[in-house]
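Following my numbering from start to finish, the sequence shown increments by one per residue and tops out at 258. Notes to accompany the following structure.
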Amino acid sequence: MPDSLVTLAGVGKLYEPSVRVLSDIDWSVAPGERCVVLGSSGSGKSTLLSILGLLLRPSQGEVQVEGENAWMWPEKKRAAWRTAKLGYVWQDAGLLPELTVLENVNLPLHIRGIPKKKWNGQNLLERVGLGRRSHAHPSELSGGEAQRAAIARALAGSPSLVIADEPTGNLQQRQAEDICRLLLELQEELKFGLVVATHNEALIKYLQADPYWIIDGSLSSNPPEEAT
């Protein structure tokens with residue numbers, strides 16, 4: 031097993047003309063590790079997670095995967111890595127309205143060309159408490175149910191790394207706590223690396239994850255009042 035799933039080495043991000051969002055970030059996520067990235071709205075959390083997931087190219091530094099600079103790979107290889115190794119949960123569940131919940135969860139497997147007999151969508155829906163909602167459409171789900179379905183979809187194909195960008199941002203506090211407990215339970219069972227971004231520090235205890243703060247574009251393991 032590799033020492034890290036993804037390593038950021040001296041990563042920075044500059045948006046034109048001169049807005050620097052991230053600066054000189056050195057960070058790695060190990061297999062089976064749980065991390066939570068905290069910061070206010072606009073602090074760069076989503077930018078950091080997009081870079082970590084090879085969705086956004088940094089302006090400086092390297093994103094290292096399997097010991098190589100992934101941005102030296104052809105785009106086809108990066109896309110293949112994302113498809114096979116990465117699960118993503120967004121603030122908006124992003125379920126396709128014309129598909130049933132089960133069809134949404136199985137969609138990544140269909141895209142990868144995995145034979146139907148190996149599709150595990152129904153099993154995943156059972157694990158997130160939606161086994162009886164598999165034939166419903168997204169419009170019939172509550173916000174919390176939609177995020178549970180999105181988590182099941184992210185786990186289809188057994189990713190090594192799951193990135194959740196403000197997955198509770200549209201939920202009430204009780205629903206948010208339930209989603210964090212679910213993520214923790216699934217991560218402990220399946221042993222994938224987990225990175226969650228949130229502005230809600232009250233959720234740290236439910237994720238039982240190593241906390242990091244984005245402060246003035248830098249990443250710190252110390253809270254803002256302790257970081258210097």
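Glycine included, C-beta positions come from ideal geometry on N, C-alpha and C.
In the displayed model, Trp103 falls within coil according to three-state DSSP, outside both helix and strand.
DSSP, read as helix, strand or coil, puts Ser58 in strand.
Close CB contacts of Pro197 within its chain, under the 7 angstroms cut and outside five residues either way in sequence, are with Val119, Gln121, Gln177, Ile209 and Val226 (chain order). Taken through DSSP and simplified to helix, strand or coil, Pro241 comes out as strand. A Cβ-Cβ separation of about 25 angstroms leaves Ser48 out of contact with His229 under the 8 angstroms criterion. At a Cβ-Cβ threshold of 8 angstroms, Ala184 and Leu160 do not count as neighbours. In terms of CA proximity to Lys221, Pro61 leads the group Leu35, Pro61 and Ala39. Ser164 sits buried, since 16 or more C-beta atoms from the chains shown fall within 10 Å of its C-beta.
In the DSSP annotation of this structure, Lys43 is not part of any alpha helix (DSSP H); the continuous beta strand (DSSP E) holding it starts and ends at Val36 to Tyr45. Going by DSSP, Leu224 is part of the beta strand (DSSP E) stretching over Gly223 to Thr228.
Under the criterion of beta carbons closer than 8 angstroms, Ile234 and Leu79 do not qualify as touching, at roughly 17 angstroms. Look at Ala194 here: in three-state DSSP terms it is strand. Per DSSP, reduced to three states, the secondary structure at Gly91 is strand. In the three-state reduction of the DSSP assignment, Ser80 falls in the helix class, which pools H, G and I. Approximately 6 angstroms separates the beta-carbon atoms of Leu84 and Ala100; this is inside 8 angstroms, confirming the contact. Around the beta-carbon of Asp33, fewer than 16 other beta-carbon atoms lie within 10 Å, marking it exposed. The bridge partners DSSP lists for Ser251 come to none.
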